[in-house]
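Chains as they are written, first to last, in our numbering: chain A, 11 to 263; chain B, 507 to 851.
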């Protein structure tokens, strides 16, 4: 089972990358689960035709009890991708990190992996490894590979550096390893060179490159990933290439 | 109001149950708390604390440990304690603090194992569940860690799983069970976690069968059956001691206890001619042990309504519950449950 966590600065395009990867894997015939681990709960919206999914934390808040079945908290989206959102507390209250831990425990209790038997699990995680809860997706038993999404913007690279340092610090805990950088272009001056320099310094390969394109925005406006909208486009090909690379690495392991 | 308590004291939480399972086994047991949970275990939830020696520690967490997630300090403390105490293993027991800051027990175990030459157990209790849930986790963790070797089966040896003071409410229960099996069947009864130590846990595959005396041990019995092929039965061997001599013929009876003891009392009462028996539990109820009408009690009102509407002739329950239903005019049989009253037989 290929399990990948996607990290990166807020607003850098993690959900776009994750959803398109999920759609690419699904189009390749794989059984996929995408778990959004952001209190905003918008990770999977473009796999679901623009219709938001009821997050786990909303279920708990509104029903005041734990869900009994996976159907209560998940929905199948494009290509049969099983979509789950952890959601979070009311902004400014409670603890979002604890929400992620509680959701993961619940998914374990509901025997998500045993029941659904996925080939690929993608965790789309909020911005940075801010606390224990947000490191949960890279703990033993969860994701084994980390993708860091960044552009050439200074703050995006700063966040990418924080994430790679955090993951390295966890080495003695048998956590996930960084698989590579996904360069999501923002048309910053000398963008490729800047990210290449960071990649070289951090010794992390650039495994994917998504050109700046209105195509992504156009399909997302319709509640779709680019893969769903135009499987043959250049952007789609980039996601298919990355998906193939991840699968190949998993097979080789 | 749902959950409001006017009669009963709060029940022991899951971390107390986990500690009870490990109490006698010669390990360093560290409760991952600021001190209060350990105080509860030693002051209220573990009656053996006043009679027996056990290396129970509090991690002594402070605000900055929680904010900064300094579990490396805990590992250092554990390594230090292991040098000073002659222990067979180290166990880390979770409480609400590590649950809220998302302490990773698997990582903690890995880091601790690298620092010291002792087996490390971690139990991810969170203080939000009741004692039996913690026992269930600790029993499984204990046997999965130590029962790794397959020994030849001794037909004259049986195992008793699920013995803790919270469940059997009698510190002499293990001795009584050992004596009973020796006298009646010529068998040696091994009472895990009450009187029989870690060496017997390691040799659990040598017993001819296991007897499960509390629902918290059922998952472990299933694990041992799957791993070593050891069959199990579910009943409380001392049930006859809990039934006073009286005429039960045609009587409607309510039994409130932990599920296995309640079920054993039911079976015995039916043999003695009772007409209808309903059981109720404040704690976990396994579906496979449940009969029609058996209920989990969510709060005091649920119990009071059950008695008011049940037309029972006899109630078997801990004496502390007698005053909850002053209008009940049948016979109340005091059936001690330490987990409910904090009182022993």
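Yeah, the Cβ is synthetic: ideal placement off N, Cα and C, and Gly gets one too. Since the structure is predicted, the reported quantities are computational estimates derived from the model, not experimental observations.
C-alpha gap between residue i and residue j, whole angstroms
i                     : j                     : result
residue 552 (chain B) : residue 87 (chain A)  : 51 angstroms
residue 770 (chain B) : residue 747 (chain B) : 11 angstroms
residue 535 (chain B) : residue 521 (chain B) : 11 angstroms
residue 727 (chain B) : residue 715 (chain B) : 9 angstroms
residue 784 (chain B) : residue 797 (chain B) : 8 angstroms
residue 194 (chain A) : residue 240 (chain A) : 19 angstroms
residue 833 (chain B) : residue 636 (chain B) : 30 angstroms
residue 574 (chain B) : residue 212 (chain A) : 25 angstroms
residue 30 (chain A)  : residue 232 (chain A) : 14 angstroms
residue 810 (chain B) : residue 827 (chain B) : 10 angstroms
residue 47 (chain A)  : residue 703 (chain B) : 44 angstroms
residue 683 (chain B) : residue 633 (chain B) : 31 angstroms
residue 805 (chain B) : residue 788 (chain B) : 8 angstroms
residue 544 (chain B) : residue 686 (chain B) : 35 angstroms
residue 639 (chain B) : residue 802 (chain B) : 14 angstroms
residue 197 (chain A) : residue 616 (chain B) : 44 angstroms
residue 576 (chain B) : residue 24 (chain A)  : 29 angstroms
Buried versus exposed, by CB contacts within 10 Å (16 or more), residue i
i                     : result
residue 175 (chain A) : exposed
residue 134 (chain A) : buried
residue 89 (chain A)  : buried
residue 737 (chain B) : exposed
residue 200 (chain A) : exposed
residue 777 (chain B) : exposed
residue 599 (chain B) : buried
residue 670 (chain B) : buried
residue 19 (chain A)  : buried
residue 65 (chain A)  : buried
residue 510 (chain B) : exposed
residue 793 (chain B) : exposed
residue 227 (chain A) : exposed
CB contact flag (residue i, residue j, <8 angstroms)
i                     : j                     : result
residue 216 (chain A) : residue 206 (chain A) : yes
residue 13 (chain A)  : residue 154 (chain A) : yes
residue 8 (chain A)   : residue 122 (chain A) : One cannot answer for residue 8 (chain A) here, as it falls past the ends of chain A, which runs 11 to 263.
residue 156 (chain A) : residue 148 (chain A) : yes
residue 758 (chain B) : residue 819 (chain B) : yes
residue 845 (chain B) : residue 518 (chain B) : yes
residue 612 (chain B) : residue 150 (chain A) : yes
residue 531 (chain B) : residue 594 (chain B) : yes
residue 565 (chain B) : residue 607 (chain B) : no
residue 764 (chain B) : residue 673 (chain B) : yes
residue 107 (chain A) : residue 144 (chain A) : yes
residue 481 (chain B) : residue 664 (chain B) : This structure does not reach residue 481 (chain B), given that chain B is present from 507 up to 851, and the question cannot be answered.
residue 49 (chain A)  : residue 136 (chain A) : yes
residue 11 (chain A)  : residue 253 (chain A) : no
residue 651 (chain B) : residue 624 (chain B) : no
residue 80 (chain A)  : residue 120 (chain A) : yes
residue 567 (chain B) : residue 539 (chain B) : yes
Same chain, Cβ closer than 7 angstroms to residue i, five either side skipped, listed in chain order
i                     : result
residue 656 (chain B) : 711, 734
residue 248 (chain A) : 218, 219, 220
residue 742 (chain B) : 719, 766, 767, 770
residue 527 (chain B) : 641, 644, 645, 648, 670, 699
residue 695 (chain B) : 664, 666, 683, 684, 687
Neighbourhood of residue i by C-beta distance below 6 angstroms, restricted to the same chain and skipping five residues each side
i                     : result
residue 77 (chain A)  : 69, 83
residue 825 (chain B) : 840
Proximal residues to residue i (C-beta, below 8 angstroms), its chain only, five neighbours per side dropped
i                     : result
residue 760 (chain B) : 783, 784, 785, 786, 812, 813, 816, 818, 820, 821, 822, 823
residue 165 (chain A) : 19
inquiry  = Report the start-end ranges of each beta strand (DSSP E) in the region 705-733 of chain B that is 3 residues or longer and not cut off at the edges.
reply    = 713-718
In chain order, each alpha helix (DSSP H) run of at least 4 residues that lies wholly inside the region 577-602 of chain B = 577-590
request  = List in chain order: all unbroken beta strand (DSSP E) runs of 3+ residues lying wholly within the region 148-231 of chain A.
outcome  = Runs of the beta strand (DSSP E) lying entirely within the region 148-231 of chain A and spanning at least 3 residues, in chain order: 155-160, 187-194, 216-220.
message = In chain order, what are the residue ranges of uninterrupted alpha helix (DSSP H) at least 4 long that sit wholly in the region 778-835 of chain B?
response = With a minimum length of 4 residues, the continuous alpha helix (DSSP H) runs that stay inside the region 778-835 of chain B are 806-816.
task = Starting from the N-terminal side, write out each stretch of the beta strand (DSSP E) that is 3 residues or longer and does not extend beyond the region 629-668 of chain B.
result = 660-667
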